Structures are given as C-alpha cells and as structure tokens.
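A.B. asks:
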Amino acid sequence: MTYSFFAVSFSDVVELLKVIIWPLTLLIIVFKFKTFFGSALNRMQSLDASATGISMTFQEKIEEAKTLLNKSKGALQNRAKMSVSESNDSAYKMVLDVKASLLDFLSEKARSKGIKPEKYNPKSLSTHLAEIGLFTLQQQKAINTVFDLANSASPSITEDQAQIVEDLYDSIK
C-alpha cells in the first residue's frame with residue numbers, strides 16, 4: 121500500500137526549504153537591525169533627487185551641526201540663549217533670520233579688514249576670512265554648515281532643528 125499523498129521525496133523537502141529560507145532570513149535581518157533601518161527611514165525625509173543623483177541633505181547637515189556644536193560646547197555654556205518657545209516666529213523664519221544675521225556678521229568682519237564682501241559668495245567669503253586669520257577652521261566649518269542648513273531648510277523644519285542652527289550660529293560669534 122502506497123500513500124502518494126504522504127510520500128515526500130528529499131528533493132521536495134529541499135525545494136520547500138528554498139522557498140521558505142529567503143523570506144525567513146530577510147525577517148531575521150530586519151528584526152536584528154531594526155534600529156538601523158528605522159534611523160535610515162527617518163533620514164529618508166530629507167532625500168534630494170536631482171540629475172546628479174540622490175543625496176540626503178538636511179538631516180545629514182543637522183548631524184554635522186550637532187558634531188560641530190559638541191566640539192564648541194564649552195563656549196556655548198557661557199552664552200545666554202533665547203528659547204525657541206519664547207519666540208512667536210516660525211522655526212523656518214528663525215533659520216532665515218540666522219542666515220541673514222550671519223551674512224551681516226561676515227560682511228561686517230570683511231569690511232573691518234578692508235575687503236568688499238559683495239565680490240564673494242558667503243562660503244568663499246568665509247574661506248577668505250579664515251585664510252587671513254579672522255576665523256579658525258572650526259568656525260569656518262560652522263559658518264559653511266549654517267549656510268548649508270539655511271539653504272536646504274524647508275518650511276516644515278522643526279523647532280529643535282532650528283534651535284541647532286541658532287546654537288551653531290551662536291558658537292561662531
């Protein structure tokens with residue numbers, strides 16, 4: 121008496137394992153690295169797609185700003201900071217105001233050394249001022265990061281992100 125319904129050959133078992141193993145492996149990997157995938161998906165909100173490719177913009181620059189802030193944390197502790205909650209302005213307007221203040225600050229520094237700031241874009245002006253010794257390399261990086269953040273900011277920026285931009289600007293002065 122042969123039971124063909126229950127007769128399973130070795131090759132059938134192998135085929136069943138082939139079908140099951142890849143989805144199971146994928147699930148194990150996702151559960152093992154769920155925090156990594158979660159943070160990557162969180163950063164996806166700041167994708168910039170252009171003809172040159174896809175790049176993560178704002179969130180990446182915020183992380184760079186946090187790193188620069190940590191390096192200059194001692195200088196920031198001595199400064200009085202205005203809380204974002206005390207301000208009635210939107211976070212986006214706050215970032216634009218920081219950008220305008222930084223432009224004024226750079227122009228004032230350049231004019232004090234007899235340099236015409238109109239001849240330079242903001243990043244090249246900060247580079248030139250760093251080359252003549254008005255800024256340290258860390259300050260120049262902070263200036264460029266503030267400009268990058270302000271230029272890539274959108275009206276949906278959060279107050280925490282705007283506060284990081286303002287703190288970074290405060291660390292430059």
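Under the numbering used here, read the sequence shown as residues 121 to 293, first letter to last.
For glycine and all other residues, C-beta sits at the position ideal for the given N, C-alpha and C.
Remember, it's a predicted structure, so these values are computed and weren't measured experimentally.
So the alpha helix (DSSP H) ASN264 belongs to, where does it begin and stop?
C.D. replies: Start and end: 257-272.
A.B. asks: Report the residue from ARG231, HIS248 and PHE267 whose alpha carbon sits nearest the alpha carbon of SER221.
C.D. replies: Selected option, being the one with the closest Cα: PHE267.
A.B. asks: If you run the structure through DSSP and keep just helix, strand and coil, what is LEU136?
C.D. replies: Three-state result, LEU136: helix.
A.B. asks: Note down, in chain order, each residue of its chain lying with its Cβ closer than 7 Å to the Cβ of ILE252, except the 5 sequence neighbours on either side.
C.D. replies: LYS233, listed in sequence order.
A.B. asks: So GLU286 is in the alpha helix (DSSP H); what residue range does that whole segment cover?
C.D. replies: Run containing GLU286: 279-292, per the alpha helix (DSSP H) assignment.
A.B. asks: If you drop the 5 nearest sequence neighbours on each side, which residues of the same chain put their C-beta closer than 8 Å to that of PRO237?
C.D. replies: Correct list, in chain order: LEU226, SER227, ALA230, ARG231 and LEU245.
A.B. asks: Which residue wins for smallest C-alpha separation from ASP217, given the options GLU135, TRP142 and ASN271?
C.D. replies: Nearest of GLU135, TRP142 and ASN271 to ASP217, Cα basis: ASN271.
A.B. asks: May I ask you to report which of helix, strand or coil DSSP gives LEU249?
C.D. replies: Helix at LEU249.
A.B. asks: What first and last residue would you give for the alpha helix (DSSP H) that runs through PHE225?
C.D. replies: Looking at the DSSP string, the run of the alpha helix (DSSP H) that includes PHE225 is 211-232.
A.B. asks: From the DSSP output, in three-state form, read off VAL128 for me.
C.D. replies: Three-state result, VAL128: coil.
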